[in-house]
Each structure stands twice: as C-alpha cells, then as structure tokens.
Amino acid sequence: MGSIPPSGGHSYVHGRPPWPPGGRHYTSYLRLEEILKCQSLITDTHDEMLFIMIHQISELWIKLCLFELESAQQNVMHDRLNVALKMMERAAAIQNQLIQSWEVLATITPPEYAQMRQLSTASGGSGLQSVQYRLLEFLLGNKNPSILATHERDPQAQAILETALHRPGIYDEALKLLARRGFAIPEAHLNRDVCQPYRASPAVEDAWKSIYARYDEYWDLYVFAEKLVDLEYRVQLWRCHHLKTVARVIGFKPGSGGTTGVPYLARVMDQVFFSRAAVGSREALRWLARASWIFLKQCRSACRCGRGAVRPRMAGSACAML
Ligand code: HEM
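In this note's numbering, the protein residues as written are 541 to 862.
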C-alpha cells in the first residue's frame, strides 16, 4: 500500500498545457501544481493521505470562514447588516462542510490510526497548534489570553494571535450596532476589555428579548441574532463531532498535544461564546446546554481520575471540569 504514489499511480498535474496567450488556465490560476504536491507523507500507512488532506481541507475551509466573517464584521460596523447577513449565511454553510468532514475521517479504524500515530510520533503535531482555528474562536468571542502560551515556540503565530486577541469580536460589533439602534447597552460592555471572555449583562439580554418579542419591528436584528446563534451552534456541532470521532478512533488515550484527549475536548464544549447572553430565552439553547452537560457527565465517568484533569501546561494539574 505504502508504495503507491499519492495520485494512485497517475500524474494528474503534468506541466502546463498550451493556452491562448493572455488567457488564464485552470491549473495555473488555481495553482493546482503546488496544492496537489503538498501532501508529504511521513509514514508508509495508507490512511495518512486522508489524515493529512482532511486537516488541509479543514484549514482551507476555516480560511474561507474567517474571510467571510471578518468581512461580515466590517459590514456590521458600517451598518450594512443585509450584506453581513449574506456572509454569515455562507459562513454557516462552510461550517456544515467542516462538520461533514468528520464522516470521512471516521472511516479510519483504531488499529489503522494507532499504526500511523506510532510511526509519526516524532512529529508531535496537534490541532491545538492551529492558528486559524484560534483566530476563528477569537472572532466569535472565545477570548482567552492563556491560549498564547500554546504557541510559545512559534513567535510568528503568537504575534498573529496576540494582535487578534486585542481586536473586538463580531459580538462586540453587534452590541455597538444595538446601541446605535437605540438599545440601552451598558457603557462598560461597549468599551469592555476585548481580550477577556464576554460577560453576560441583564441589560444586553433585555435588548435581545425586546428584539425577539417584537421581531416584526426589528426584523433585520432578529435575523442577525439567529445568524449569530447559528455560528455558535455549528462550532458546538463541529466540536461534538470532533469529540465523538476522537473517542471512536483513539478512545480515551491522551492527545498528541499533551491533553487528556476526550475529557479535554468535553471540557472545551462547555465554552460558550455569546449565545447565552444573546438569546437566553431560546429553548434551543437550553437544549444545547443540556447536551453539553450530558457529554461532560459521560466523559467524567470515563475519565480514570474521575475528575477530568486538563493539560498540565495550560492549567496546572487542576481539574477544570467540575
Ligand atoms: C483522527 C483524527 C483526529 C484526532 C485523533 C484528533 C485528536 C485531538 C485531540 C486528542 C485533541 C486535544 C488536544 C491534544 O492533546 O492533542 C485535539 C484538539 C484539536 N483538534 Fe483534533 N483530532 C483529529 C482530527 C482533527 C481535525 C481533522 C481537525 C481539523 C482542523 C482537528 C482540529 C483540532 C483542533 C482545532 C483542536 C484544538 C481544540 C481546542 O483546544 O479547542 N482535529 N484533537
């Protein structure tokens, strides 16, 4: 198996075919020669190709998602809410692609994965090192300065994340928009320290409640709130599928990034961004919160220490799950 070349024996990209002068060719415009050569296998296991590509494809989707959401945020800032809504809808569709990709990954069986992992231990890579994923979380409001420590060996990544940490998230712009539309958003929330996680405020919740109660009057804000909730909902679905796939493929072994693995991922699921504040009264969110609690319970009962210890480097040996 290991000796079969990545393209299955055929060279799909074989130099640039002739093209009318001045025209653009499919292969060169999309830089396929470069992209299709980026799958460098370090083991001779069959499944490594899938493993590498699913991560690369996910990173590409995350790049597009960031592009759409950063543009959406700019449009919210400039009161072009309808344009922002369109971009948020596309971001949600991209998230669906990310969620679907777990179906492909789940075809790796535990022995196949274990073989690949054994042969690639020297690499020591983990999704924890994904800069784009953190940028996405920061944009959605999951601010946590301690994340920067994860990238201490990569100063360039750390600098990018540090800059992003100090930038307002999409929800910060949402609150400013509500204030511009006449809702009583507390000054402390409008000028909050954006490096810190969002803290709920009864006044903000009241604003959203008014919008939900009189949605025909505030139709665009109502749709905006639903789109925000959609984004967070899909992040949670992605996390949930990640957790279930990891449990299926590596069970309760520790992660390659030094965490407890599944119990760590279960704890991550408890990190909410803004939705509780945005629409605390929605039934769907109560259900989501409950689903996440059920995961925590499952993982706690499966965790050997019974407490669900987290990665030592980030949180000491304390158990943050309870
Ligand atoms: C079979 C495949 C996979 C396994 C076994 C796996 C396993 C894990 C584990 C155990 C962690 C916890 C940190 C650690 O100790 O490493 C983690 C974190 C992470 N993984 Fe995966 N993963 C897989 C696929 C993916 C894919 C396809 C992506 C897509 C980008 C991804 C992105 C991430 C991210 C972003 C984190 C950090 C999550 C957080 O801290 O909130 N993983 N993964």
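We put the beta carbon where it would ideally sit given N, CA and C, even for glycine.
Residue i - containing alpha helix (DSSP H), residue span
i           : result
residue 775 : 759 to 790
residue 794 : Counting along the chain, residue 794 falls outside any alpha helix (DSSP H), and DSSP gives it neither H nor E.
residue 746 : 742 to 753
residue 713 : 710 to 720
residue 729 : 727 to 730
residue 575 : 572 to 575
residue 698 : 695 to 705
Candidates the options, of which the one nearest residue i by Cα
i           : options               : result
residue 765 : 568, 563 and 616      : 616
residue 740 : 750, 720, 632 and 715 : 715
residue 594 : 607, 578 and 584      : 578
residue 744 : 723, 667 and 732      : 723
residue 689 : 681, 699, 682 and 680 : 699
residue 761 : 614, 718 and 677      : 718
residue 647 : 793, 785, 802 and 732 : 785
residue 582 : 757, 625 and 655      : 655
residue 787 : 770, 806 and 798      : 806
residue 789 : 589, 642 and 694      : 642
residue 592 : 691, 678, 737 and 653 : 653
residue 794 : 686, 666, 568 and 567 : 666
residue 619 : 809, 804 and 713      : 713
residue 738 : 747, 708, 721 and 758 : 708
residue 669 : 697, 621, 588 and 710 : 697
residue 691 : 725, 779, 710 and 674 : 674
residue 772 : 576, 609, 621 and 588 : 609
residue 633 : 651, 602 and 621      : 602
residue 731 : 706, 752 and 614      : 706
residue 803 : 721, 783 and 746      : 783
residue 631 : 798, 809, 774 and 747 : 774
residue 588 : 701, 812 and 658      : 658
residue 703 : 710, 720 and 685      : 685
residue 650 : 792, 676 and 701      : 792
residue 780 : 584, 636 and 574      : 636
residue 660 : 811, 580, 814 and 571 : 580
residue 725 : 733, 736 and 742      : 742
residue 768 : 778, 681, 800 and 728 : 681
residue 734 : 796, 586 and 679      : 679
Residue i (DSSP reduced to helix, strand or coil)
i           : result
residue 821 : Caution applies to residue 821, whose pLDDT of 43 falls short of 50 and renders its modelled position unreliable; the value that the coordinates give is listed next. Coil at residue 821, not helix or strand.
residue 586 : coil
residue 738 : coil
residue 580 : coil
residue 842 : Legend: pLDDT at residue 842 = 49, less than 50; position of this residue unreliable, no value from coordinates given.
residue 688 : helix
residue 564 : coil
residue 806 : helix
residue 723 : coil
residue 591 : helix
residue 547 : Low local confidence applies: a pLDDT of 47 at residue 547 is under 50, so the model's placement there is unreliable, with the coordinate-based value given in what follows. Residue state, collapsed to three classes: coil.
residue 831 : Confidence is the limiting factor: at residue 831 the pLDDT is only 49, short of 50, which leaves the residue's position unreliable, though a coordinate-based value still follows. Of the three classes helix, strand and coil, the one that applies to residue 831 here is helix, per DSSP.
residue 826 : Confidence at residue 826 is low in this model, with a pLDDT of 44, below 50, so its placement is unreliable and the value that follows should be read with caution. Reduced to three states, the DSSP call for residue 826 is helix.
Whole alpha helix (DSSP H) elements within the stretch 595 to 681, 4-residue minimum: Look at the stretch 595 to 681 and you find these whole runs of alpha helix (DSSP H), each 4 residues long or longer: 621 to 645, 650 to 659 and 671 to 679.
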